[in-house]
Each structure stands twice: as structure tokens, then as C-alpha cells.
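Protein chains in written order, with this note's numbering: chain V, 4 to 201; chain S, 4 to 201; chain W, 4 to 201; chain R, 4 to 201. Virtual Cβ for every residue (Gly too), placed ideally from N, Cα, C. Remember, predicted model here, so these are calculated numbers, not experimental data.
4 protein chains.
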Amino acid sequence: MPKVGMEPIRREALVNATISEIGRVGSLDVTVSQIAKRAGMSSALAHHYFGGKDQIFLAAMRHILSVYGAQVRAALLGAKTPRDRVEAIIRANFEAGNFRPEVIAAWLNFYVLSQSMDGARRLLTVYQHRLHSNLVHGLRPILGEDALQDAHDLADMIAAQIDGQFIRHALREETPSGKRATAQVLDFVDAMLKARGN
Amino acid sequence: MPKVGMEPIRREALVNATISEIGRVGSLDVTVSQIAKRAGMSSALAHHYFGGKDQIFLAAMRHILSVYGAQVRAALLGAKTPRDRVEAIIRANFEAGNFRPEVIAAWLNFYVLSQSMDGARRLLTVYQHRLHSNLVHGLRPILGEDALQDAHDLADMIAAQIDGQFIRHALREETPSGKRATAQVLDFVDAMLKARGN
Amino acid sequence: MPKVGMEPIRREALVNATISEIGRVGSLDVTVSQIAKRAGMSSALAHHYFGGKDQIFLAAMRHILSVYGAQVRAALLGAKTPRDRVEAIIRANFEAGNFRPEVIAAWLNFYVLSQSMDGARRLLTVYQHRLHSNLVHGLRPILGEDALQDAHDLADMIAAQIDGQFIRHALREETPSGKRATAQVLDFVDAMLKARGN
Amino acid sequence: MPKVGMEPIRREALVNATISEIGRVGSLDVTVSQIAKRAGMSSALAHHYFGGKDQIFLAAMRHILSVYGAQVRAALLGAKTPRDRVEAIIRANFEAGNFRPEVIAAWLNFYVLSQSMDGARRLLTVYQHRLHSNLVHGLRPILGEDALQDAHDLADMIAAQIDGQFIRHALREETPSGKRATAQVLDFVDAMLKARGN
DNA sequence: AATGAATGAGGATTCATTCAT
DNA sequence: GATGAATGAATCCTCATTCAT
């Protein structure tokens, strides 16, 4: 058994275990012991590496958001047209990595956590802003440069539609279908653009 | 001091206190003592009336949903056309009674609670179904009787948009604007209907 | 079993138990559970009444100091001459209530606690000042009104001698003899006064 | 990096770190990790060299007492008369090496430790006895060979006065003045001897 | 109807200590 | 010689819940 360089391994295991446990229980009422046990270590070690429960939650949240962020960036790389960009962003939200039951459950719980924990709120806000500006960036060329307010409004609505899709799946037992969610949001975007004459 | 007929008064006080406390704290990590204190009684009495914390939460949830249900029903009374019906349903969601910070916070928390508490999930499911069928009922005449699947899809999307509006406001410090939320959802519905040629 | 008005009873029991346990163990490494057990209740109740371990310690310290303060006041009542006053103060320190092994042990531990806990330090400082000014008050008429500095110095030395007597007894197994301690301090005071021509 | 002969260096570093940490915190609630960190090594190594926390404390105590012992011996070398001897012993107590805030704090804490740890008590007792017999040795020629009991009593009182001076300084923020402490104890001794006609 | 009293169960966190490398 | 890794055992504190009055 190797005894050096365990830190990143342990941290990753704990982050994954945290998401799994939150997904399993369906709430943040998860003990450090449960998390540590699932990650295959003692709760003392979890504290040793993260300092406390809050930090563990924060790390798990950061992980989810960074995986998501990476997917968005990757998706944007292949986008040629503004329309492609918007579509890529939307698709990234419902990709396999994000749109799994346990991740959806964790995501919803982190939303709640952000209401009471400053660090979590900051994290979430950053990602919301990024999503928003990415969307606006894609929408402006389509709507016309002078329709800035409209781009912001539409970006808000798309973001709401994405969040809405997530939350709708948080309570379903069935395996969430990223395909259908994507289709609905894209359908929605098309209708909005068409209604605006684009 | 009257000692009789206190029950409904106490229950109501506790339900309101529960929503307030959840709103204040921003999570379900609210103690029975906190709730009872805000309601002006001992925690023992809270237990006496509700039997336990879960029941208190359930009652608060039921209260929120029933106020909401009443508003939908009231709104539907004045609706003449199918379009009116859809609009009425949407408006009801963002009416003053529902769309207050503490209620939004509580609502989000109850969504989470539904992931781990059967009674809560049932309650929520009932209301989601009701919203869905109300929407379908309004949409079918507009979309045409043979577009049933389309009506279901659109109802889903509208519901998602509504949820999305709620969740977007859960983290904002500003007083939520029911007006703007309503406008966005209606804008969205119009676009969808227009895109479908209605 | 009476179920009302328990608070003062419980608090007193806890304070006594705290002193006993500190005396028994000989250090502040005493758990709330140990204290509570000796006081005949659950540790949860101890927390309920005091809020935390620090408050329990503080209450015990306050108790010791206030018993001591009362003894000083009582002793001063019967003092006619300045010399009587000084002697009364000294005697009060070694009276039965204070000069018991467990109280001596607790006293020493509280001295240490005062190095790290602000509340404890304040408490102790107040009593040190009171002792000092009581002594000065008694000494000035004896030493002459213009020998103020001398009175302060002598008061310091008497206080040191008293503390020294306590600490010397903190490690002895034998039952401490208040009589001998008193005699030594008085002998010391007499010598000091005599040396100064009084 | 030399890997041999580290032991004495490490031990000394740990002993000093222990005294510093106890002085800093003001109590024995100091973790081995804190001590080791200040000594510039891992806590595992501290255990390796001392076997356990108790041994570390004991070593630190032994260090303080042996420095003190050396100072007494050195002071006694230059003493010609019995009076000189007594004075030398007293001066040694308040010399720079001992009478520093952190050492005073540690000393007080070790006094407490002696109440619960046998090894510590033995150590302390040995030094108390040595101080006592040194004092008696100096006092007997002064008081007269037949005043043995008186010599013992006076030695006790001097020891108490010294301890009292230490404890009085344990709570002060100001830098302790060895000069003033020495002066007071000597003043006290002079008065006692004078009162006895010497 | 109402509450102060009381507790068992549990959870976050700390820490001395051990061990493999 | 030296340390990061790891944990069991505690300890403080909280809280839902019960009960006697």
C-alpha cells in the first residue's frame, strides 16, 4: 500500500462520496462519517484533509460546477455560428456527466445551501453569471447588436428553463433523459427567436 | 384567557412561524424550538399539536400549496377563453401571496424535502399534476384537439419555466418582481403558440 | 417529585459538582459528563442550564470567590481596630469554607484558567483588587497616612504570602491546617509592622 | 544534512517549544502537534523522541527546574556569610532565566500538572525539599542552632512568599520585575529576622 | 391547555498515538 | 532519522421528543 501522495486521491474520493451520499439521501443531512465511510476512510481523515464539513460540501459543489464548466467550454470549441454557440451551451447542461440523478439531487441541494452559506452562494453566482454572459454572447449577433436588453431577457429565460428542467427531474424516479430536456429547451429557444423574427 | 378553541390558532401560528423561520435561515435546519418560539409557545406544545417535526413541515407545505391552489382556482373563475385560462394559471403563481422571499425560500426547501420524505413528495406530486392538467386543459383548445402530445410538452415547458423563475429568485437579495416573472413566462407562451401557428 | 423551580437547585448542584470534580482530578480536564453525573443529571441538562462548559467553570469560580467574599465581609463586621481589620481579612482566607483540599485545588486551577479565559481573568482581578484595597484600608492607619506607598507594598506582600500558603497546600496530601497558615501570615505581618516601628 | 547526533538537538528544541507554547496558550491544553510545529518537526518525531505527551511535559518541567537549580548553586558559590546564602537563594528565584512570563506561566501550569501526574509531583517535591533545606541551612546559624523549628517555619514562609510572588505575576500583562520581587522578599526576610532579634 | 424539566441519541471535531515507508 | 497517513476514542454540544405537573 502506497503511503505517500494520498491527498489528491483522498480528496477526490471524498468529493465523489459526498455527491453520492447527498444523492442517495436526497438532502444535506449527511454525516461526515457517512461520507468518509463511503469514501473508504475514517471521518477523522476527512476532517484532516478538508478541515470541516462545510469545506467538504464546498469542494463537492466546486467539483460539480467545474465539470460542468469544462463541458461548456468543450462544447463551445466546436461551435461555428452564434446559433451553434447557444445550442452548445444548452446541450452541455444536459450531458451525461451532469444530468445524472445523484448530480441533479446534489445540484438542487447546493442551490439550497447557497441560501445559508456564503461560500456556496459566491460559487453559484459566479457560474450563473458565466452562463448568462455566455448566452448573451451567443444571442446578440442573432438578435441584432441594438437588442441588448432583449438578449439579457432571453438569456434569463433560457437559464430559467434550464433550471426548471433540472428541478423537474429532481423528483422523478425515472432516469432523467438529457435528450428530451435538451430538445425542449432548444424548441423553446427556436420559438423565441422565431417570434422575434430571427 | 380562553383555553378552548386554541387549536386552530396555534396550528396556524406554527405553520406561519415555520415558513418564516425556513425563510429566515434559508434551510430546513430549523429547530422545533425556534419555530415554537416565533409562534409564541413552547416546543412541547408544538409537538402536542403536530406530533412531530415532520408533521409541522408537512403542514407548512400543505399551507403553501393550498394557498397557491386557492389562488389558481380564483383566477380561473374569471377566465373566459382558453388563453385566459392559461394566463390565469401563470399569473396565480407569481401573485403576492406566493412570490414573497420567505415563501420562495420555503418552497425551494420543500422541493428538497420531497427528495427524502414521502409525505412531502406526494403532496408536491399532486400539485404538479394539478398544474399540468390545468395547463393542458387550457392549451388543448388552442393547439387543437389532436395535438395532445404537444399540449403535454408545452405544459411541461411552462411548468419548468415557472419553476425556473422561482429558483432564480431564491438566491437574489432584491425583492422578487412577480410582474417581470409573469411577463417573461407569458412572453414565452406567446412565442411558443405563435411558433406553432396559434 | 417536584418538577418546578429546579433551576437554582440544578445550578447549585452543578457548581458543587464542578468544584468536587476539579478537586478530585486535580485539573480542569474534567468532562461535562463527569460533572453532570456527579450532580445527578444528564450532561444535556448541564448544557441546558449553563450554555456550555466555560460558563460552568465560570459559575464555579464565581461561587468560590463569592463565598470567600462573604466571609471577608462577615469577618470585617466584628473588627474594631485597624489591626483587627487586617487580621480579619487574613483569617477569612483560611476559614473552613475556603481552605479545604478540593477548594484549594479548584482555586489553583482557576488561577490557571485565568491565563487563557478572559471572563475568568476579570473575575479574579476584581477579587485581587478588592483584597488589596481592603488590606490597604486596614494598613494605612497603622503605618501612618503619609506612608501610602508602603501600605501598598505591604498589602502586596501579604497577598503574596496568602497565595503562597494556598499553593503550598495544593500539593500536600495532608489535610491543610488553616490554623497554621493563619498563624504564619499573622506572624509575618507582625514582624513587618514591628520592623517599621509599629 | 547531518543525520546523526540529532537527538539532543531535537529534544532541546522540543523542550523549549513546550515551554513557549504553554506560555503562549496559558494552559496545558497544548497539542503535541503545536509543540512539534514550533520545534520545527513532525509530531510523530516528537513521539519518537519522548514516547508520549506526558514525557514531553515532564522533560520541560525538568528543564525549568534544573536551570533553576543551577542558578541556585551558582549563586551559593559566591556566598560568604549565612545571610549571603539566604539572599543568594532568594535572588536566584527571580533571575532573568526564571522570571520570564512564559516560564512563570509554565511553572504555574506544572504546579497544576503535579496535582494529577505522579512524575510531575515527584519532581516538584524534590525541588521544594531542596529549596527548603537550603534555606534552613542558611537560617540556622542566624537564628541560633537551637531554633530549629523556627528555621523550618521561616523557611516555609520564605518559600511561600516566593511562590506568592510568582503566582502574582502569572496574571499580569506587564513584564515581571525580578528586582522588585527580590526586594520584597528580602525586605520580608529582614523584618522577620529583626523581629526575632537578629 | 400548556410548559419546564429531562434525556438519549447522534454528530462535528480534536488529538494522541501508531505505522508504513 | 523522519514524516505523511491514518484512526479510535473521546468530548462538547444540539435537538427531537417525552413526561409530570
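Euclidean distance between Cα positions of residue i and residue j
i      : j      : result
A184/W : A162/W : 13 Å
L174/W : A194/R : 28 Å
L61/W  : Y52/W  : 13 Å
I170/V : G167/S : 8 Å
Y114/V : G8/V   : 33 Å
V106/W : D32/V  : 45 Å
I165/V : M44/S  : 43 Å
G54/R  : R14/R  : 12 Å
L126/V : L68/V  : 8 Å
A42/V  : L17/V  : 5 Å
T34/W  : A63/W  : 14 Å
V75/S  : E148/V : 40 Å
R143/V : H172/S : 24 Å
R199/W : G141/W : 15 Å
A47/W  : Q58/W  : 14 Å
A123/V : R133/V : 16 Å
V188/W : T21/W  : 30 Å
K197/R : S23/W  : 43 Å
A186/R : G29/W  : 33 Å
K56/S  : S119/R : 46 Å
K40/R  : R65/R  : 21 Å
Simplified DSSP assignment, three categories, for residue i
i      : result
N101/W : coil
G181/S : helix
A3/W   : Not covered by the structure: residue 3/W. The range shown for chain W is 4 to 201.
D32/R  : coil
T84/S  : coil
G26/R  : helix
R199/V : coil
G8/W   : coil
R175/V : coil
M120/R : coil
A186/S : helix
Integer-rounded CB distance, given that residue j should sit under 8 Å from residue i
i      : j      : result
R88/R  : A82/R  : 4 Å
P104/W : P179/W : 6 Å
A158/R : V139/R : 5 Å
L112/S : I25/S  : According to the sequence provided, residue 112/S is Asn. The question's Leu does not apply to it. 5 Å between Cβ atoms; contact.
E90/R  : G181/R : Going by Cβ atoms, the distance from E90/R to G181/R rounds to 14 Å, so no, they are not a contact pair.
P85/S  : I38/S  : Rounded, the Cβ-Cβ distance is 43 Å, inconsistent with contact.
I92/W  : A78/W  : 7 Å
Min CB distance residue i to chain V below 8 Å
i      : result
S119/S : yes
K56/S  : no
G29/S  : yes
D86/S  : Per the sequence presented here, residue 86/S reads as Arg, with Asp not at that position. With 8 Å as the cut-off, R86/S does not count as an interface residue toward chain V.
Q164/S : yes
Residue-chain proximity (residue i, chain R), Cβ-Cβ < 8 Å
i      : result
G167/W : yes
K83/W  : no
D156/W : yes
F113/W : no
Neighbour flag for residue i against chain W, beta carbons, 8 Å
i      : result
R171/R : yes
K197/R : yes
L127/R : yes
Residue i at chain S interface by Cβ criterion, 8 Å
i     : result
S46/V : no
Q37/V : no
Quiz item: Which runs of the alpha helix (DSSP H) spanning at least 4 residues fall entirely within the segment 127-155 of chain R, listed in chain order?
Solution: none
Exercise. Identify every run of the alpha helix (DSSP H) within the segment 42-77 of chain W, keeping only runs that are complete inside it and at least 4 residues long; order them along the chain.
Key: 46-53
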